[in-house]
Every structure is written in structure tokens, then in C-alpha cells.
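Residue numbers (the working numbering): 15 to 254.
Below is one structure; the comments refer to it alone.
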Ligand SMILES: NC(=O)c1ccc[n+]([C@@H]2O[C@H](COP(=O)([O-])OP(=O)(O)OC[C@H]3O[C@@H](n4cnc5c(N)ncnc54)[C@H](OP(=O)(O)O)[C@@H]3O)[C@@H](O)[C@H]2O)c1
């Protein structure tokens, strides 16, 4: 007899279900990871993989991961003339996150200070992949030429009030978004509980980066990255 293992049930409350019964009726042995005593780790990986989809299916809004880099003084601001200060390994992780997510949430302060590309560069991207870019703040506050260049690459949305972010995101197909913004927007997202996991990259005085993650959920898709082995888990994220 052939056996089908089911990682976890479809979290979408609008689906009819019945897939397992359908397979069993056709002579397959259907087994669930949840009922297997030694499959907890695999079950957790399945739930982590599904977490962005489950977020969209159950809450209507995508999963939101905040990424924040702090220098050895605890500041998020890069040295003059630079837009980043983290190591090549951290840049690789950041770009792998951009690659796997459906877009970036940034804010007008970062747009003015850094004119960031926000594209996938340090890892190979999916060909023809077009993502969304949500810019929190007023459109008048970003440089017009930077905005025009981003509109060529992204589907751009402005969000003047992040309390309206869930509504805006619910109307899109995005499942997982990455926040790359300065301390002002991060504080606002924290106040509104508009995040699911929060990755902090802390640089020490020797120039080494340390990863830590705090999460508001019981699983995180960040646990599927090789870098997870380097992440410590924090009860609370650090606001600057
Ligand atoms: N280390 C890192 O991980 C990292 C990442 C990104 C940026 N940065 C650095 O951060 C610095 C910029 O930080 P920042 O704090 O000035 O800028 P920011 O947080 O990127 O942007 C601030 C803007 O966000 C908008 N905003 C604030 N609260 C909001 C809310 N509740 N809803 C919607 N929009 C809201 C406002 O835009 P309006 O004024 O237009 O309304 C505000 O001026 C730069 O030096 C940049 O290099 C560091």
C-alpha cells in the first residue's frame, strides 16, 4: 500500500477539506505528522513553511518580518556616505529574505536618506519576479526620480498611516513582506503590533554580526534559513 504523509491541515477556513478522506477512499494509507511521536521537528518545519500562507488565509494580511541592523553603539544609522554597515554574510541573509518575500515595506525617511534599491542582488533571484513596495509616509516626501526608478521595478503603494496597512495589504496577493525602514517607522509598527517576527542584526565592536529573532507567533519561517542556526531567540525586540 502506498502511504501519503500530510504535514499539516490546510489552514484556510474557506476550504472544504476532505482531501485526506479522498485519498483514503482510493486505497492510500494517509498519515499525519501530528500523530507521529517522532515527527515534531518536521511538523514544525511544515508549519513554518506554511506560516505566511496561513497568515493570509486566516488573518487576511501577510506575514510581516522586520529586519533591523544595529551598529556597536546601538544605532541604526549608517556612517556618512554609506547605506549599510553589516558584514557580507548579513547582506547575503538580507537578500535571501528579499528573494523569498513578496515585497518590502519601507518609509519616506529611509527613501530620502538612502535612496535604497531594495532589489535582490547578493543571491540569484527568481527570473521575472515582480514584487510590491509599500512606502509608509507621504508621497511628496520622497525624491521623484528615486520613486520613478522604483516604479519601474516594483508595484509601489503609499501608506500615509500604518494603521491602514492591514487593509492595504489584504487587498494584495502578498503572503510575506519584509520591513526595511528606519527607527521611526519601526516604532510605529511595534506600537500597532504590525509584525510577526523581528530580526535584529547587531554588530559588535570587532565588526562581527550577531543575529537574534523575536517572534509573536509560535513558528517562524525564518527558522527555515541556514542562518537560523546562528540566531538567538529574544523575548522582546530592541527598539532604537
Ligand atoms: N539599520 C537599519 O536596519 C536601517 C534600515 C533602514 C533605514 N535605516 C536608516 O534609518 C534612517 C532613517 O530613519 P527615520 O526614522 O528618519 O526614517 P523612517 O522610519 O524610514 O521614515 C520615517 C517616516 O515614516 C513615516 N511614518 C512614520 N510613522 C508612520 C506611521 N505611523 N504610518 C505611516 N508612515 C509613518 C513618516 O513619513 P512622512 O513624514 O512622509 O509622513 C516618517 O517621516 C536612515 O539613516 C537610514 O539609513 C537603517
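Virtual Cβ for every residue (Gly too), placed ideally from N, Cα, C.
Being a predicted model, the structure only gives us computed values, none of them experimental.
Going by the C-beta, is residue i closer than 7 Å to any heavy atom of ligand 1?
| i | result |
| --- | --- |
| residue 137 | no |
| residue 227 | no |
| residue 128 | yes |
| residue 251 | no |
| residue 197 | yes |
| residue 92 | yes |
| residue 79 | no |
| residue 74 | no |
| residue 155 | yes |
| residue 101 | no |
| residue 150 | yes |
| residue 221 | no |
| residue 56 | no |
| residue 248 | no |
| residue 176 | yes |
Quick one: what's got a C-beta closer than 8 Å to residue i's C-beta in the same chain, skipping five residues either side?
| i | result |
| --- | --- |
| residue 25 | 64, 67, 68, 71 and 72 |
| residue 191 | 76, 77, 78, 79, 115, 116, 117, 118, 119, 146, 148 and 183 |
| residue 84 | 90, 214, 215, 216, 217, 252 and 254 |
| residue 226 | 213, 214, 216, 245, 246, 247 and 248 |
Throw me the rounded Cβ distance for the residue i and residue j pair, which I believe falls under 8 Å.
| i | j | result |
| --- | --- | --- |
| residue 210 | residue 77 | 5 Å |
Do residue j and residue i come within 8 Å of each other at the CB atom, strictly closer than that value?
| i | j | result |
| --- | --- | --- |
| residue 136 | residue 106 | yes |
| residue 270 | residue 177 | As shown, the chain starts at 15 and ends at 254. That puts residue 270 outside it, with no answer to give. |
| residue 61 | residue 233 | yes |
| residue 167 | residue 122 | no |
| residue 139 | residue 113 | yes |
At a cut-off of 7 Å, would you count residue i as near ligand 3, judging by its Cβ distance to the nearest heavy atom?
| i | result |
| --- | --- |
| residue 115 | In terms of ligand content, the structure shown lacks ligand 3 and carries ligand 1 instead. |
Going by alpha carbons, who is nearest to residue i out of the options?
| i | options | result |
| --- | --- | --- |
| residue 46 | 19, 122, 100 and 138 | 19 |
| residue 230 | 204, 36 and 240 | 204 |
| residue 44 | 104, 28, 58 and 22 | 22 |
| residue 100 | 220, 240 and 250 | 220 |
| residue 96 | 50, 82, 128 and 51 | 128 |
| residue 250 | 207, 240, 223 and 238 | 207 |
Can you list, in chain order, the residues of its chain whose CB lies under 7 Å from that of residue i, leaving out five sequence neighbours each side?
| i | result |
| --- | --- |
| residue 153 | 172 |
| residue 242 | 236 |
| residue 88 | 254 |
8 Å is my cut-off, CB to CB: does residue i come that close to chain B?
| i | result |
| --- | --- |
| residue 183 | No chain B appears in the structure shown, which is made up of a single protein chain. |
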